[in-house]
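Q: Can you read through this structure? Questions will come right after.
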Amino acid sequence: MTHRRRFLTVFAATTVTAVPGCTGSTGRGSASVEETSEVTMTESQFQPRNVHVDAGTTVMWTNEDSGEHTVTSTSDNWRVDERVPGGETVEHTFEESGVYDVYCTIHGSADLSGMSMKVGVGDAAIESPLGGSGDANGGGYY
Ligand SMILES: [Cu+2]
């Protein structure tokens with residue numbers, strides 16, 4: 145008879161975008177995917193903007209600017225909204241394969257324009273890497 149808590153928030157990734165093959169670069173140097181767990185927030189942009197890590201890896205975001213940024217999720221597979229004051233670092237461990245979209249609520253937007261990035265984990269490949277500063281789909285500051 146109890147209907148409470150029928151709709152629990154799902155935090156873990158339930159949809160895995162598994163694409164065989166490597167998380168390739170498209171050939172455009174500014175839109176490549178880098179194998180690294182270390183991301184900096186520099187001049188109001190994530191560097192690099194597309195990273196890939198193995199499942200279970202802890203990704204660290206270090207704010208090298210003096211002003212505040214945020215690490216905010218905008219894909220359905222996780223829920224994070226963390227303030228990162230200048231000089232500080234936040235981290236998140238990605239246990240599940242998937243592509244996780246991130247933006248800064250101050251300098252970017254949820255459509256991944258402005259300050260934004262993608263994290264590919266495990267078997268999941270980033271199919272459309274975000275461009276570097278100056279590209280049509282990236283770099284614009286808000
Ligand atoms: Cu920011």
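If you're matching positions, the sequence shown starts at 145 in the working numbering and goes up one per residue.
Idealized CB from N, CA, C, for every residue including glycine.
Please report the distance separating the alpha-carbon of Glu-271 from that of Pro-192.
A: About 16 Å.
Q: What is the DSSP secondary structure of Ala-269, reduced to helix, strand or coil?
A: Residue state, collapsed to three classes: coil.
Q: Can you find a heavy atom of ligand 1 that lies under 8 Å from the Cβ of Met-185?
A: The answer is yes for Met-185.
Q: I'd like the list of long-range same chain contacts for Pro-273, defined as Cβ closer than 6 Å, with 5 residues on each side in sequence excluded.
A: These residues qualify, in order along the chain: Ala-175, Val-177, Asn-194.
Q: Reducing DSSP to helix, strand and coil, say where Gly-168 ends up.
A: The predicted model places Gly-168 with a pLDDT of 43, which falls under 50 and marks its position as unreliable; any figure quoted below should be read in that light. Looking at Gly-168 - three-state DSSP - the assignment turns out to be coil, as it is neither helix nor strand.
Q: Compare the Cα-Cα distances from Glu-182 to each of Thr-202, Gln-189, Asp-198 and report the closest residue.
A: Of the candidates Thr-202, Gln-189, Asp-198, the one whose C-alpha sits nearest the C-alpha of Glu-182 is Thr-202.
Q: Under the three-state reduction of DSSP, which class applies to Gly-173: helix, strand or coil?
A: Caution applies to Gly-173, whose pLDDT of 46 falls short of 50 and renders its modelled position unreliable; the model cannot decide the point.
Q: On a Cα-Cα basis, can you pick out the residue from Gly-231, Ser-257, Ser-210 that is closest to Met-204?
A: For Met-204, the nearest C-alpha among the options comes from Gly-231.
Q: Would you give the residue range spanned by the beta strand (DSSP E) that Glu-239 belongs to?
A: Where Glu-239 is concerned, there is no enclosing beta strand (DSSP E), given that its DSSP letter is neither H nor E.
Q: Pick from Lys-262, Glu-179, Trp-222: whose alpha carbon is nearest that of Asp-245?
A: Checking every option, the nearest Cα to that of Asp-245 belongs to Lys-262.
Q: According to the Cβ coordinates, are Ala-248 and Thr-214 closer than 9 Å?
A: In the sequence under discussion, the amino acid at residue 248 is Cys, which differs from the Ala named in the question. Against a cut-off of 9 Å, the Cβ pair of Thr-214 and Cys-248 comes out as a contact.
Q: Flag Ser-287 as yes when its Cβ comes closer than 8 Å to any non-hydrogen atom of ligand 1, and as no otherwise.
A: Beyond the ends of the chain as shown, which are 145 and 286, falls residue 287; an answer cannot be given.
Q: Here's a check: name, in chain order, each residue in its chain whose Cβ is nearer than 7 Å to the Cβ of Asp-198, leaving out the five neighbours to either side.
A: For Asp-198, where only same-chain residues beyond five positions count, the Cβ hits under 7 Å are Gly-266.
Q: According to DSSP, simplified to helix, strand and coil, what is Val-203?
A: Correct three-state label for Val-203: strand.
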